[in-house]
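**Student:** Chains as they are written, first to last, in our numbering: chain A, 1 to 688; chain B, 689 to 920. Okay, handing you the structure first.
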Amino acid sequence: MDRRNFFKLVGTASGGAVAGACGREGDAIIPLLVPEEQIVPGVEEWRPSVCRQCPAGCGTIVRVMRAERILEIDGEKVRKPIAAVKKIEGNPLDPVSGGRICGRGQAAVQRLYHPDRPRGPKIRNAAGVLEDASWDAALDRASEALRAASAQQVLYLAAAVSGSRSAAVSSFLEGCGYAPARTAGTFDFEVERAAAQYAFGWNGIPLYEIQDADFVLSIGADFLGGWVSPVFYSRRFGHMRRGRESIRGALFHAEARFSQTAWAADRWLPAAPGGEHALALAVGALLLQRHGKDAASLPPALAATLREADIAALCMQSGVRQSWVEEAAGRLASAAAPVVIGGASIVRRNSVAAAAVANALNLILGNVGRAGGVKAPSRPLDTAAVDTGAARPTAVFLDGIADAAVPLRVRALLDAATVIAFQPSAHADVLLPDHDALEAGRVVSPITAPGYALTGGPSFVRPLYDTRASEDVLSAIAKRLGKSAAVPPAPYEEIFAAQDGFADTREFVSYAERQGGWWQERSAEISAAPDPEGPWGSAAAPGAPAASAYPLTFQAFSSVQYGDGGGADLPWLRQLPDPASSLMFDLPLEIDPDAAAALGVRNGDRLKVISAAGSVEAPAYVNPAAVPGVVSLGLGGTADALALLPPESAEGAGAQIFSCPARVERVGRSDRFLQFTRIDRDEEPARS
Amino acid sequence: MTEKKHPQWAMAIDLDRCTGCEGCVVACHAENNVPLTSPDEAERGRMKHWIRIDRYYEGTFPDIRVKYRPVMCQQCDDAPCEPVCPVYATYQNEEGLNVQVYNRCVGTRYCANNCPYTVRYFNYEDPFWPEPLELQHNPDVSIRPGGVMEKCTFCLQRIQRGKLESKEENRELADGDIQPACVQGCPAEAMAFGDIADPESKVSRWAGSGRSTQLLDELGTKPRVFYLEKGA
Chain A
1 MDRRNFFKLV
11 GTASGGAVAG
21 ACGREGDAII
31 PLLVPEEQIV
41 PGVEEWRPSV
51 CRQCPAGCGT
61 IVRVMRAERI
71 LEIDGEKVRK
81 PIAAVKKIEG
91 NPLDPVSGGR
101 ICGRGQAAVQ
111 RLYHPDRPRG
121 PKIRNAAGVL
131 EDASWDAALD
141 RASEALRAAS
151 AQQVLYLAAA
161 VSGSRSAAVS
171 SFLEGCGYAP
181 ARTAGTFDFE
191 VERAAAQYAF
201 GWNGIPLYEI
211 QDADFVLSIG
221 ADFLGGWVSP
231 VFYSRRFGHM
241 RRGRESIRGA
251 LFHAEARFSQ
261 TAWAADRWLP
271 AAPGGEHALA
281 LAVGALLLQR
291 HGKDAASLPP
301 ALAATLREAD
311 IAALCMQSGV
321 RQSWVEEAAG
331 RLASAAAPVV
341 IGGASIVRRN
351 SVAAAAVANA
361 LNLILGNVGR
371 AGGVKAPSRP
381 LDTAAVDTGA
391 ARPTAVFLDG
401 IADAAVPLRV
411 RALLDAATVI
421 AFQPSAHADV
431 LLPDHDALEA
441 GRVVSPITAP
451 GYALTGGPSF
461 VRPLYDTRAS
471 EDVLSAIAKR
481 LGKSAAVPPA
491 PYEEIFAAQD
501 GFADTREFVS
511 YAERQGGWWQ
521 ERSAEISAAP
531 DPEGPWGSAA
541 APGAPAASAY
551 PLTFQAFSSV
561 QYGDGGGADL
571 PWLRQLPDPA
581 SSLMFDLPLE
591 IDPDAAAALG
601 VRNGDRLKVI
611 SAAGSVEAPA
621 YVNPAAVPGV
631 VSLGLGGTAD
641 ALALLPPESA
651 EGAGAQIFSC
661 PARVERVGRS
671 DRFLQFTRID
681 RDEEPARS
Chain B
689 MTEKKHPQWA
699 MAIDLDRCTG
709 CEGCVVACHA
719 ENNVPLTSPD
729 EAERGRMKHW
739 IRIDRYYEGT
749 FPDIRVKYRP
759 VMCQQCDDAP
769 CEPVCPVYAT
779 YQNEEGLNVQ
789 VYNRCVGTRY
799 CANNCPYTVR
809 YFNYEDPFWP
819 EPLELQHNPD
829 VSIRPGGVME
839 KCTFCLQRIQ
849 RGKLESKEEN
859 RELADGDIQP
869 ACVQGCPAEA
879 MAFGDIADPE
889 SKVSRWAGSG
899 RSTQLLDELG
909 TKPRVFYLEK
919 GA
């Protein structure tokens, strides 16, 4: 759907038009939103919203139509008209989604209508079973746990999503005297933020202008897959590749897994696990030593490291053929608009250093702030991971974090505390179910955007069940505790003062809500100020497993289907074939052909992966593109990938590492291996 | 392709943009009420995805690459599925679509046997959605009962809607007015849909690219889906 059709659809469907507006595009055709009960049967309505399946914050439009449903009201079953959600599309006005949407975003409607969705609050009973409860009882139980805890013993764990809801959470925590919310140390991009701070002096995730680049080197960032903002970067990738006359941008991608970005790359640089740091240093050294690039913009320590670097040794350490590293550096040096993306889709001990050096390559290339280069973050990002070494909570709020994305060290905290959850969780002691994202009117600040962005709108479908907005629940808890939380400003209102052309706040808010957000081009660029004290030394030896008990490297990753694992229960995503193995209803353990041959393993054979932290079982997929000696498992499958990872953080950040030494054993039986396509059902991948 | 009065629908997919994300697969399910399938049914080869992503490895590690190819009904001009249907449940309409008349289908499955692209799916059972998932159903698309063959329609309901809207607005259909669900959602903007008889349409320009190929072209089925190959 393009912009014209979006306006047309919302306009014709609702009939009304806003008169006397200020001459902005769409003013004459964006309708006032029709209340749910006034929807005409058979007539569709389109409502702006924001996707909450990941922190990207894609603007969406949602098709709703009148339906009927039997609701229980005051103990009586009544057939009532409701607005039913039919389809979710990208909002063509939104600069992040641009009218596009990923599979997980599409499947969000199945979260709303999931048959197993909790119908109301629950409390864990003495037998350890979550049982139905009244809201009063559940709120009392939560309040008791909070009353019994000192302020230091209350922990609020939340996903790294910023917006109207997180503002309400902050107000609650402040009003009650609790510490600010913390993340579980996964999918909060702490590595990227630390790296950006070192390389550019920026707070937040840099904006990579790949759409205007002619050569992109990505080191560690699966930016087309589970990293930061997949739809946003997929759109930019499409434009880079074929959106310009006579320019086809090229992509090299370095990572120790054949990820989605590696699939799309012109060349995949299969780094050894942890070899990304050495690779980035090697590329930098080549740019200085062989291509005559200037090191003046670099921190002196990094410039010295690169000038003195032994390129061959670094390439060896990286695990990537030296000729390919030289090719990457050569193409960066000769490109008119080169850019290097630094990130860590799979966090390792040295990921901050790797991403920092990768980002600093942009300083050498002189592309900071330029078209096709790297720009300052659109917004700061201040979330931090919980310090599991210091925290001893007795009451924990668990908010928006999938169980599959909770690392072991955080699980230990949850096991020792009363857990108050807003979404279903195996850890919950008290479940205070929040409205579904499509039922709640919320506004999100996207994790990255081309400029200032707030995306979302008011609620437009009635809650199906006895759920409550968590903002209201927190307010009720504060009241029970005898505290008061300041009411945060309504979405959009706080930015009204800076806008021209609107008569008053109400008109501005109405306009923003009807178009699904407020987006502004960035006004001023921020120059880079790299930190001289950054991790600019030479690369330590990559984390190749030395102990003979664990000769392989295990790595966990965010899959195309399930993301952080939170999508694993949605029917459309469950039956989606894994892009590599074509496996449905589960995720396989990817193992390279040589290791598989040594074990005598074929597709579907059950394997046990053992690390110092634990063990899991999963069906094998013999992946011809798996890095030798590395086994990989996505989050959200029947095997609990994070159960293998020891409680360690990346150096210089609180992010949980996603990689560790491991060994693999045959279990001795095979599962049914449900592949959709027949391509390799009957053949064993061969390695020459 | 002969000039016809009616638009001649076709699709082009740029494999150089496609990232294999499968957003199109989910979009198709959401739009077309494609039945859910259980693992037990899937084990019997009864999984239904009107559009699938075929994956091809090329080379060996470390110099290995992969090519993803979204494959749906190719809407062939000389469709092998059509002449074998004993009840004329599938035929090519005047706009070049290989349409399936559900209430005429008697479930012989000859069409699926004869389709070289394996893109036809048979409903061995009546479809079932656990309550309240059925609230999401698209009312513009009929639910196919057990015993009936189904497949990609190029989102016929969207084509009909586009035509009706342009008629109401007393104007000609414009290129891009109609987008099947897979095309609309594609994050990398790798898909184009439109009238191949219009030389100015995006799909015509893409299909005319030097990178354009057709799947199993050698079979002479004259597919209406064009693939722009990867590479410079």
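Where is the CB? At the ideal position from N, CA and C, for every residue including glycine. Since this is a predicted model, take the numbers as computed values, not measurements.
Would you kindly check if the distance between the Cβ of A/Val283 and the Cβ of A/Ala213 is under 9 Å?
**Tutor:** Reading the first sequence from its first residue, position 213 is the one you call residue 213 of chain A. Reading the first sequence from its first residue, position 283 is the one you call residue 283 of chain A. Contact flag unset, no.
**Student:** Among A/Ala262, A/Gln211, A/Lys608 and A/Ile657, whose alpha-carbon lies nearest the alpha-carbon of A/Arg248?
**Tutor:** Walking along the first sequence from the start, residue 248 of chain A turns up at place 248. The candidate whose alpha carbon is nearest that of A/Arg248 is A/Gln211.
**Student:** Quick one, which of A/Leu642, A/Asp429, A/Gly369 and A/Ile364 has its alpha-carbon nearest A/Trp202's?
**Tutor:** Translated into positions along the first sequence, residue 202 of chain A becomes position 202. Out of A/Leu642, A/Asp429, A/Gly369 and A/Ile364, A/Gly369 has the C-alpha closest to the C-alpha of A/Trp202.
**Student:** Is the beta carbon of A/Val509 closer than 9 Å to that of A/Pro491?
**Tutor:** Residue 491 of chain A sits at position 491 when you count from the first residue of the first sequence. Residue 509 of chain A sits at position 509 when you count from the first residue of the first sequence. Yes, these two residues count as a Cβ contact at 9 Å.
**Student:** Which residues in chain B have a C-beta closer than 7 Å to the C-beta of A/Met584? List them in chain order.
**Tutor:** Reading the first sequence from its first residue, position 584 is the one you call residue 584 of chain A. Here the neighbours are Ala730 and Met735.
**Student:** Is there a C-beta anywhere in chain B that falls below 9 Å from the one on A/Arg24?
**Tutor:** Taking the first sequence and counting its residues from 1, one reaches residue 24 of chain A at position 24. Summary for A/Arg24: the model assigns pLDDT 44, below 50, so the residue's position carries little reliability; its value from the coordinates is reported in the next sentence. Chain B, which has no Cβ nearer than 9 Å to the Cβ of A/Arg24, makes this no.
**Student:** Roughly how many angstroms lie between the CA atoms of A/Thr505 and A/His435, to the nearest whole one?
**Tutor:** In the first sequence, counting from the first residue as 1, residue 505 of chain A sits at position 505. In the first sequence, counting from the first residue as 1, residue 435 of chain A sits at position 435. Distance between the alpha carbons of A/Thr505 and A/His435: 27 Å.
**Student:** Just to confirm, is the Cβ distance from A/Pro206 to B/Gly708 under 9 Å?
**Tutor:** By 1-based counting over the first sequence, the position of residue 206 of chain A is 206. By 1-based counting over the second sequence, the position of residue 708 of chain B is 20. The answer is no: Cβ separation not under 9 Å.
**Student:** In three-state terms, what does DSSP make of A/Gln38?
**Tutor:** In the first sequence, residue 38 of chain A corresponds to position 38, counting from 1. Residue state, collapsed to three classes: helix.
**Student:** Would B/Glu746 and B/Val759 qualify as a contact pair, given that the criterion is a beta-carbon distance under 9 Å?
**Tutor:** As a first step, residue 746 of chain B is located in the second sequence; it is residue number 58 there, counting from the start. As a first step, residue 759 of chain B is located in the second sequence; it is residue number 71 there, counting from the start. No.
**Student:** Taking only three categories from DSSP, how would you classify A/Cys176?
**Tutor:** Position 176 of the first sequence, counting from 1, holds the residue named residue 176 of chain A. It is helical.
**Student:** Got a sec, what are the start and stop residues for the alpha helix (DSSP H) A/His239 sits in?
**Tutor:** Start at 1 with the first residue of the first sequence, and residue 239 of chain A comes out as number 239. Taken as a continuous stretch (DSSP letters only), the alpha helix (DSSP H) holding A/His239 covers Pro230 to Arg242.
**Student:** Using the beta-carbon of each residue, which ones in chain B are nearer than 9 Å to A/Trp46?
**Tutor:** Indexing the first sequence from 1 puts residue 46 of chain A at position 46. By Cβ distance, chain B contributes nothing, its closest Cβ being about 13 Å from A/Trp46, past 9 Å.
**Student:** May I ask you to list, following chain order, the residues of the stretch 823-846 of chain B that have a beta carbon less than 7 Å from some beta carbon of chain A?
**Tutor:** Here the close residues are Leu823, Gln824, Asn826 and Pro827.
**Student:** With 9 Å as the threshold, decide whether the Cβ of A/Gln561 is near any Cβ in chain B.
**Tutor:** Position 561 of the first sequence holds residue 561 of chain A. Chain B contact via Cβ: present.
**Student:** According to DSSP, is A/Glu617 part of a helix, a strand, or is it coil?
**Tutor:** By one-based count along the first sequence, residue 617 of chain A stands at place 617. Strand, per DSSP.
**Student:** By Cβ distance, which residues of its chain are closer than 8 Å to A/Pro377, with the 5 residues on each side in sequence left out?
**Tutor:** Working through the first sequence from its first residue, we reach residue 377 of chain A at position 377. The answer, listed in chain order, is Ala196, Trp202, Asn203, Gly204, Ile205, Pro206, Leu207 and Thr448.
**Student:** Quick one: Cα of B/Gly919 to Cα of A/Asp266, how far?
**Tutor:** Numbered from its first residue, the second sequence carries residue 919 of chain B at position 231. Numbered from its first residue, the first sequence carries residue 266 of chain A at position 266. Cα-Cα distance, rounded: 8 Å.
**Student:** Leaving out five residues on either side along the sequence, give the residues of the same chain with a beta carbon under 7 Å from the beta carbon of A/Val560.
**Tutor:** As a working mapping, residue 560 of chain A is identified with position 560 in the first sequence. So the list reads Gly225, Gln260 and Pro579, once near-sequence residues are dropped.
**Student:** Tell me the residue span of the beta strand (DSSP E) that contains A/Phe215.
**Tutor:** Numbered from 1 along the first sequence, position 215 holds the residue referred to as residue 215 of chain A. Note, A/Phe215: beta strand (DSSP E), Phe215 to Ile219.
**Student:** Could you pull the start and end residues of the beta strand (DSSP E) that B/Ala700 belongs to?
**Tutor:** Here residue 700 of chain B corresponds to residue number 12 of the second sequence, with the count starting at 1. From DSSP, the beta strand (DSSP E) with B/Ala700 extends over Trp697 to Asp702.
**Student:** Considering only heavy atoms of the ligand MN, does any lie closer than 8 Å to the CB of A/Leu454?
**Tutor:** The model on display carries no ligand, and the ligand MN is accordingly not part of it.
**Student:** Under 9 Å, Cβ to Cβ, is there at least one residue of chain B near A/Lys86?
**Tutor:** Reading the first sequence from its first residue, position 86 is the one you call residue 86 of chain A. It does; some Cβ of chain B falls within 9 Å.
**Student:** How would you label B/Tyr776, buried or exposed, when you count the other beta carbons within 10 angstroms and need 16 or more for buried?
**Tutor:** For the purposes of this step, residue 776 of chain B is taken as the residue at position 88 of the second sequence. Exposed, by the Cβ-count rule.
**Student:** Of the residues A/Val50, A/Val473 and A/Phe460, which one's Cα is nearest the Cα of A/Leu93?
**Tutor:** Counted from its first residue, the first sequence places residue 93 of chain A at position 93. Measuring from the Cα of A/Leu93, the nearest candidate turns out to be A/Val50.
**Student:** For the stretch 54-61 of chain A and the stretch 788-805 of chain B, state whether three or more C-beta atom pairs, one from each stretch, are separated by less than 8 Å.
**Tutor:** Short answer: they don't touch.
**Student:** Any idea if B/Pro875 is buried or exposed, counting beta-carbon neighbours within 10 angstroms, 16 or more meaning buried?
**Tutor:** On the second sequence, position 187 is the one that residue 875 of chain B refers to. Buried, since its Cβ has 16 or more Cβ neighbours within 10 Å.
**Student:** Compare the Cα-Cα distances from A/Leu269 to each of A/Ala626, A/Ala337 and A/Arg124 and report the closest residue.
**Tutor:** Residue mapping note: residue 269 of chain A aligns to position 269 of the first sequence, counting from 1. If we check each option's Cα against that of A/Leu269, A/Ala626 comes out closest.
**Student:** Does the contact criterion of 3 or more C-beta pairs under 8 Å hold for the stretch 132-143 of chain A versus the stretch 425-435 of chain A?
**Tutor:** Contact holds: three or more Cβ-Cβ distances are below 8 Å.
**Student:** I need the DSSP call for B/Gly908, collapsed to helix, strand or coil.
**Tutor:** Counted from its first residue, the second sequence places residue 908 of chain B at position 220. Coil, per DSSP.
**Student:** Within 10 angstroms of the Cβ of A/Ile73, are there 16 or more other Cβ atoms? Answer buried if so, exposed if not.
**Tutor:** Here residue 73 of chain A refers to the residue found at position 73 when the first sequence is read from its first residue. Exposed.
**Student:** Taking CB distances under 9 Å as the criterion, tell me whether B/Thr690 reaches chain A.
**Tutor:** Here residue 690 of chain B refers to the residue found at position 2 of the second sequence. Any reading at B/Thr690 needs caution, since the residue's pLDDT is 49, under 50, leaving its predicted position unreliable; the model's value is listed next. Taking Cβ atoms only, chain A never reaches closer than 9 Å to B/Thr690, which makes this a no.
**Student:** Could you tell me whether any Cβ in chain A is nearer than 9 Å to the Cβ of B/Gln872?
**Tutor:** Looking up residue 872 of chain B in the second sequence gives position 184. Interface residue, yes.
**Student:** Output yes or no for whether 9 Å exceeds the beta carbon distance between A/Pro100 and B/Gly873.
**Tutor:** In the first sequence, the residue the question calls residue 100 of chain A occupies position 100. In the second sequence, the residue the question calls residue 873 of chain B occupies position 185. Before going further, note that residue 100 of chain A is Arg rather than Pro in the sequence given. Yes, these two residues count as a Cβ contact at 9 Å.
**Student:** The beta strand (DSSP E) that contains A/Gly517, what's its start and end?
**Tutor:** Numbered from 1 along the first sequence, position 517 holds the residue referred to as residue 517 of chain A. Gly517 to Glu521 is the extent of the beta strand (DSSP E) around A/Gly517.
**Student:** Tell me which residues of the stretch 94-112 of chain A have at least one Cβ-Cβ distance to chain B shorter than 9 Å, keeping chain order.
**Tutor:** Listed by position, the residues of the stretch 94-112 of chain A near chain B (Cβ gap below 9 Å) are Ser97, Gly98, Gly99, Arg100, Ile101, Cys102, Gly103, Arg104, Gly105, Gln106, Ala107, Val109, Gln110 and Leu112.
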